[in-house]
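As numbered in our numbering, residues 1 to 462 make up the sequence shown, in order.
Comments concern the structure below.
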Amino acid sequence: MSDPRLTDLLQAVPALRVKTDPADLEHYGRDWTRRWTPAPLAIALPGSIEEVQAVVRWACQHRVAIVPSGGRTGLSGGAVAANGELVLSLERMNRVLDFNAVDRTLTVQPGIALEAVHNAAGEQGLEYPVDFAARGSCSIGGNIATNAGGIRVIRYGNTREWIAGMKVVTGTGELLDLNRGLVKNSSGYDLRHLMIASEGTLGIVVEATLRLTDPPPPSNVMLLALPSFEVLMQVFSAFRERLQLEAFEFFTDRALHHVLAHGAQKPFEETHPYYVVTEFASGDEVQEAAAMAAFETCMDNGWVSDGVISQSDAQAAQLWRLREGITESLARYKPYKNDVSVRISAMPAFLEETQKLLGEAYPHFDVVWFGHIGDGNLHINVLKPDGLDDAEFVSQCEQVTKLLAESLKRHEGSISAEHGIGLVKKGYLESTRSVAEIEMMRGIKRVLDPEGLMNPGKLFDA
Ligand code: MLT
Ligand code: ZN
């Protein structure tokens, strides 16, 4: 540890764990984007809030930038450290601190994995309902930093809805205790919500109090095959009118092709251009009849050409794998990811326009569409053809993203629904937020992070 700044860090925080091995720098310096070459100064792994505060004070003294780091499953480069930053990994701060049965809250450290939160809530007979495929690796701190969404937003909303309170260390090392689990609190600016989706640019979440709810009702999973894209929203309406939807997700035949190649089981003999996987409450005969009615309406109208309903938990998991396995099955192609959203009512017009735009823009690329259609959130992954240079591929995709961003602006949508802006979408923030808003965000950052050391260069340039 020859860098004098690190010697000083260990003097200031003697019990701090620090890693500087090249393999660690590489491992902790990147997220799932794998576009940037990791080059952090070192990795600090604090074990307490006091240690986090001390590290931040050291960073201010030495003017070292900090990249807060959770499970690094992010898809926008928000946790990338490529410029000599100190990665502040919260992986050692991964415990459940408290369960309050009266408040129905769980207080956790930020490095705890989402799945561990699900289990801890389950042990109390309750539910933390935010859920998505990276549950085993992503951390609550990262979920808060991006306002993570996932597959159950249609029923339970995003991470934001479930944060009853949090402790944050700001860019000056100050500790803020925000909202303290209160249900009602009309006492001025809610800084808690400012922190959610701030991507580590305002401070470091060091503790979170999560709201829990009743376990979901018994449910069933149905996979539907659709003959065309145009009927997607009709199918959605037919199901939403009759059922309490827990999830409503869609994917294309290209997505199915890749998950099957990755080991999933083929659901239908024939191939179809589009698929929907939906989960809905189904605990009694009335609900079962409603599900059949929705399905039959879709069949009668020609909106659905085939369908299968789960007969067991194992089969439900199999159907879910077709949707949840997509990201992993595409990873080897280093996909260029789009994560866009519009209001549900704007979806039909936006889908039509986007399909045309991307059909013309990407005639030779494998473009995989999937996403949380019931939330107005579409994932469009463009796969890098073998042999095409990484930089050339990204630059070609960026040309198309400019057009997509213009279309989103017209439809009043967002360039990032749930992955965050990070580095990947920084150039397109103005398609989603006004110049005045971005200027205000800069001002807010100056207050909470006056030295500009909290995840600099992510979200916007200060
Ligand atoms: C998902 O919903 O599976 C991910 O958020 C999307 C992606 O990998 O692009
Ligand atoms: Zn998603």
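Even glycine gets a Cβ: it sits at the ideal position worked out from N, Cα and C.
Legend entry - D306 and A238 closer than 7 Å at C-beta: Result no, Cβ atoms of D306 and A238 do not sit closer than 7 Å.
Legend entry - Distance cut 5 Å, beta-carbon to the ligand MLT heavy atom: residue list by chain order: Residues flagged by the Cβ proximity filter: T327, K337 and H379.
Inset, instruction - Report all residues from its chain with a CB closer than 6 Å to the CB of K334; omit the five preceding and five following residues, and keep chain order. - result: Cβ within range, chain order: K384.
Legend entry - Given I463 as reference, the closest of A417, L202, M299 and F229 once Cα atoms are compared: Nothing can be reported for residue 463, as the shown portion of the chain is limited to 1 through 462.
Legend entry - Limits of the beta strand (DSSP E) - the one that P68 falls within: The continuous beta strand (DSSP E) containing P68 extends over residues I66 to S69.
Inset, instruction - Compute the Euclidean distance between the alpha carbons of E353 and S407, then round it to the nearest angstrom. - result: About 8 Å.
Inset, instruction - Answer yes if the stretch 114-131 comes into contact with the stretch 145-162, meaning at least three C-beta pairs across the two stretches below 8 Å, and no otherwise. - result: Yes, since at least three Cβ pairs between the stretch 145-162 and the stretch 114-131 fall closer than 8 Å, the two stretches touch.
Inset, instruction - Check the Cβ-Cβ distances between V231 and every residue of chain B, and say whether any is below 7 Å. - result: Considering every chain present, this structure includes no chain B. It has just one protein chain.
Legend entry - Sequence-distant residues of the same chain with beta carbon closer than 8 Å to F229, five excluded per side: Apart from sequence neighbours up to five positions away, the residues of its chain that approach F229 with a beta-carbon distance below 8 Å are P273, Y274, L351 and Q355, ordered along the chain.
Inset, instruction - Give every residue of the same chain whose Cβ lies closer than 6 Å to the Cβ of L459, excluding the five residues on either side of it in the sequence, and list them in chain order. - result: Cβ neighbours of L459 beyond the five flanking positions: E199, T201 and I421.
Inset, instruction - Check each candidate in R152, L322 and Q311 and name the one with the smallest Cα separation from P267. - result: Nearest C-alpha to P267: L322.
Inset, instruction - For the beta strand (DSSP E) containing H372, list its first residue and its last residue. - result: Segment D366 to H372, the beta strand (DSSP E) holding H372.
Legend entry - Cβ separation of G111 and S139, assumed to be a contact under 8 Å, to the nearest whole Å: The C-beta distance from G111 to S139 rounds to 5 Å, short enough to fall under 8 Å.
Legend entry - Residue from L191, V183 and L25 whose Cα sits closest to the Cα of D177: When only C-alpha atoms are compared, the closest one is L191.
Legend entry - Cβ-based neighbour list, F236, same chain, cut-off 7 Å, excluding 5 preceding and 5 following: So the list reads F248, I373 and G374, once near-sequence residues are dropped.
Legend entry - Cβ contact (3+ pairs, closer than 8 Å) linking the stretch 98-107 and the stretch 205-220: Segments in contact, yes.
Inset, instruction - Answer yes or no: do V342 and H258 have a C-beta to C-beta separation smaller than 7 Å? - result: Taking a C-beta distance under 7 Å as the contact criterion, V342 and H258 do not qualify as a contact pair.
Inset, instruction - Report yes if the C-beta distance between Y28 and S2 is below 7 Å; otherwise report no. - result: Taking 7 Å as the Cβ cut-off, Y28 and S2 do not qualify as a contacting pair.
Legend entry - F365 versus E296: straight-line alpha-carbon distance, rounded: As the crow flies, the alpha-carbon of F365 is around 36 Å from that of E296.
Legend entry - For M166, three-class secondary structure by DSSP: Reduced to three states, the DSSP call for M166 is strand.
Legend entry - Rounded straight-line distance, which links the Cα of F250 to that of L9: The alpha-carbon atoms of L9 and F250 are separated by roughly 49 Å.
Inset, instruction - Run the CB neighbour count on E51, radius 10 Å, all protein chains shown included, and call it buried at 16 or more, exposed below. - result: By the neighbour-count criterion, in which 16 or more other beta carbons inside 10 Å mark a residue as buried, E51 falls on the buried side.
Legend entry - G149 Cβ short of 6 Å to the ligand FMN heavy atom set: Among the ligands in the structure shown, the ligand FMN does not appear; only the ligand MLT and the ligand ZN can be found there.
Legend entry - Y336 burial status per 10 Å Cβ neighbour count (16 or more: buried): The residue is buried, with at least 16 neighbouring Cβ atoms inside 10 Å.
Legend entry - Classification of T252 by the beta-carbon crowding that lies within 10 angstroms, buried from 16 upward: Flag for T252 reads buried.
Inset, instruction - Determine the burial state of M440: buried for a count of at least 16 other Cβ atoms within 10 Å of its Cβ, exposed for fewer. - result: Looking at its Cβ environment, which holds fewer than 16 other Cβ atoms inside 10 Å, M440 is exposed.
Legend entry - Residue closest to V56, alpha-carbon to alpha-carbon, out of S312, V169, A164 and E269: Closest option to V56, judged by alpha-carbon separation, among S312, V169, A164 and E269: V169.
Inset, instruction - Could you tell me the distance, in whole angstroms, from the CA atom of A54 to the CA atom of P46? - result: Going from the Cα of A54 to the Cα of P46 covers about 9 Å.
Inset, instruction - Count the other C-beta atoms from every protein chain shown that fall within 10 angstroms of the C-beta of N301, then say buried if there are 16 or more, exposed otherwise. - result: It is exposed - the Cβ of N301 has fewer than 16 other Cβ atoms within 10 Å.
Inset, instruction - Express the C-alpha separation of Q244 and A290 in angstroms, rounding to a whole number. - result: A290 and Q244: Cα-Cα distance of roughly 10 Å.
Inset, instruction - Starting from the Cα of G122, find the closest Cα among H419, V96, P348 and G325 and give me that residue. - result: Distance check between G122 and each of H419, V96, P348 and G325 places V96 closest, using alpha-carbon atoms only.
Legend entry - Reduced DSSP secondary structure (H/G/I, E/B, other) of L383: Three-state DSSP puts L383 in a strand.
Inset, instruction - Give the single residue among L423, N338, E398 and I49 whose Cα lies nearest to the Cα of W369. - result: If we check each option's Cα against that of W369, N338 comes out closest.
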